[in-house]
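In what follows, a structure is listed as structure tokens, so that the remarks can point back to it.
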Amino acid sequence: MLPARLYKYIENSNGTTGAKRLALNEKCLTKICGYLNIPDHVNFGLACESFRRAYVKSCMTKFEICALNHISKLTIKELVFFFEAAGPYIKHIERHAPLSKLDIVIDLIVTYCKQLRSLTLRNCNLCDEMVRKLPRLKRIDTLILCGNQRITGRYLYGLTYLKELNLCGCSNITTSQIVEAFKTCTVLKILDIRECTELHAEAFIAMAKYCEQLEVLKMSCPPMRFDCIGFLPLKELVLLDRNRRPSTTHLLEQLPYSGKQLEVLEIHSENSLNHKHISMIKEIASLKMLAVPNNEAVNDDALDKFCQLTHLEKINIRGCCHVTNNGILKLLRFCTQLHCINIQFCRLITHRLVSDVISFLNEEIENKNLERKKPLVLLVNSTLMDANDLSMCVGYETAVRESLIKVIFDISTFDLVDGVAAYHYMGRLHHSSDEGDDYEDENANPM
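Using the numbering used here, you'd call the opening residue of the sequence shown number 8 and step up by one each time.
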């Protein structure tokens with residue numbers, strides 16, 4: 008049965024009632040399909056032959072990017088009906104919560120979605136037997152399996168065309184299985200193995216040996232040295248260091264020499280960095296984005312050293328409680344491309360910083376120094392400034408109007424205590440598998 012709101016839409020748009028609704032032309036019916044979620048869309052297509060034709064036509068464009076929300080109550084017959092029509096046109100699929108019929112859905116995906124390029128099954132309670140079917144997707148190059156704690160990495164070796172693999176929070180991934188995957192996934196460019204805590208040295212050796220094209224690596228710091236990673240052609244490295252591992256120090260020692268192409272470095276820990284680490288980081292001259300939140304060692308002296316990073320565009324020093332206005336201003340003067348600064352929870356930062364920054368930016372414009380992207384973004388939640396303080400800043404409203412500066416007081420939705428957004432692998436734990444359809448993913452703030 009079609010939803011009542013659909014009948015109301017048809018009547019209002021065409022001025023018809025009763026049997027005459029079926030006389031709507033195919034273009035109109037196809038447009039109506041565009042307003043429907045998946046269950047309503049399926050019900051529409053099952054109503055009659057003319058609706059079915061419009062349903063099939065709408066599937067050609069509506070579901071190139073397909074979020075599998077609200078499908079838990081579909082019958083198997085309805086699921087088959089959906090994937091038969093939409094599957095050949097689907098290139099990207101996402102699901103962010105458990106699903107009681109997931110094994111059937113995966114069967115339908117590998118049967119009908121022959122053009123699929125990326126598959127995201129986050130917090131879906133996957134098991135190895137479900138993963139076993141995925142190598143039948145010959146065009147897939149992106150696989151996001153965050154938070155599926157039952158999988159061990161078995162059968163990943165069959166996904167030979169993968170360029171991106173995300174196993175964040177898959178805590179049962181084993182060394183032997185991931186080594187087999189690395190042997191065949193030789194074109195891998197992006198890998199996330201944060202919170203894969205069972206990996207041993209063999210896994211990292213195999214990664215460096217077989218994944219020679221790896222450009223983005225996100226990982227938890229293991230207890231052992233992993234010097235081999237320093238020789239990968241990495242452009243982005245994200246380290247999650249919960250236990251102040253000495254391996255972090257060993258890797259940082261290599262990066263200034265072997266990581267000349269490194270543009271993004273994030274080290275998420277709490278007070279694990281020291282002055283020696285700061286001196287190592289300042290030598291990575293190619294850095295464009297640096298995140299070292301929640302470290303007392305990151306103070307004004309550290310920012311003075313970071314002034315050597317002349318290509319720096321973004322910096323995250325959230326929770327670095329010894330940073331002051333003066334340290335930020337000096338960094339801005341030397342890093343002429345710096346345009347985004349996260350200083351949330353830096354308790355010594357005051358509204359005076361905004362006044363000084365505006366004066367400095369106006370100075371740059373007068374001197375025709377135009378390297379810096381505008382507006383300059385400051386994330387300032389839980390500092391000593393508030394929105395009322397800005398009314399006292401000379402020229403603030405003009406600077407905002409002219410897109411010179413943007414001050415953000417809202418707290419970032421991205422958890423930068425450990426560099427892992429909660430939705431990556433925690434999900435909404437109170438949901439049962441059938442209640443997960445109310446779950447909506449939020450966009451992470453990159454800073």
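We put the beta carbon where it would ideally sit given N, CA and C, even for glycine.
Computed from a predicted structure; not experimentally measured.
- When the alpha-carbon of leucine 126 is set against those of Cys35, Asn173, Gln156, the nearest one is in Asn173.
- Look at asparagine 132 here: in three-state DSSP terms it is coil, with no helix or strand label.
- Among the bridge pairs identified by DSSP, threonine 127 is matched with Glu101, Ile151.
- Secondary structure remark: continuous beta strand (DSSP E) runs of at least 3 residues inside the stretch 153 to 237, in chain order: 171 to 173, 197 to 200, 223 to 227.
- Between the alpha carbons of cysteine 120 and tyrosine 42 lies a distance of about 23 Å.
- When beta bridges are read from the DSSP output, asparagine 349 appears opposite Asn323, Leu386.
- Bounds of the beta strand (DSSP E) holding methionine 296 are 296 to 298.
- Here alanine 394 has Phe416 as same chain residues with Cβ atoms under 7 Å from its own Cβ, once five neighbours each way along the sequence are excluded.
- For isoleucine 83, the enclosing alpha helix (DSSP H) has its first and last residue at 83 to 93.
- Within the same chain, and ignoring the five residues on either side of asparagine 333 in sequence, the residues whose Cβ sits closer than 8 Å to its Cβ are Asp307.
- The DSSP-derived three-state label of histidine 275 is strand.
- In summary, alanine 188 is buried, with 16 or more beta-carbon neighbours lying within 10 Å of its beta-carbon over all protein chains present.
- The DSSP-derived three-state label of isoleucine 291 is coil.
- Note on geometry: alpha-carbon atoms of isoleucine 348 and glycine 160 lie some 38 Å from one another.
- Beyond the five residues adjoining it in sequence on each side, proline 300 comes within less than 6 Å, by CB distance, of Asn323, Arg325, Gly326, Leu423 in the same chain, given in chain order.
- Valine 414 sits in a strand when the DSSP states are folded into three classes.
- Bridge partners of valine 112 according to DSSP: none are assigned.
- Glutamate 222 counts as buried, since at least 16 other C-beta atoms from the protein chains shown sit within 10 angstroms of its C-beta.
- Within the same chain, and ignoring the five residues on either side of leucine 338 in sequence, the residues whose Cβ sits closer than 7 Å to its Cβ are Leu310, Phe313, Cys314, Leu345.
- According to the DSSP assignment, glutamate 404 belongs to the alpha helix (DSSP H) that extends over 403 to 408.
- Apart from sequence neighbours up to five positions away, the residues of its chain that approach alanine 304 with a beta-carbon distance below 8 Å are Asn278, Leu280, Asn281, His282, His284, Ile285, ordered along the chain.
- Judged by their CB atoms, valine 384 and cysteine 353 are not nearer to each other than the 8 Å cut-off.
- The C-alpha of lysine 295 lies about 24 Å from the C-alpha of asparagine 374.
- Between aspartate 396 and histidine 358, the alpha-carbon positions lie close to 6 Å from each other.
- A buried status is given to phenylalanine 51, since no fewer than 16 other beta-carbon atoms sit within 10 Å of its beta-carbon.
- When DSSP reads this structure, alanine 74 sits in a beta bridge with Glu101.
- Collapsing the DSSP output to three states places leucine 280 in coil.
- Only residues of its own chain outside the window of five on either side were considered, and among them Thr191 have a CB closer than 6 Å to the CB of threonine 167, listed in chain order.
- Remark: C-beta atoms of cysteine 131 and alanine 93 do not approach each other more closely than 8 Å.
- Excluding the 5 residues flanking it on each side, isoleucine 147 has same chain C-beta neighbours closer than 8 Å at Leu123, Arg124, Ser125, Leu126, Leu141, Leu166, Tyr168, Leu169, in chain order.
- The Cβ neighbour count for valine 401, taken over all protein chains shown within 10 Å, is under 16; the residue is labelled exposed.
- Under the three-state reduction of DSSP, valine 49 is assigned to helix.
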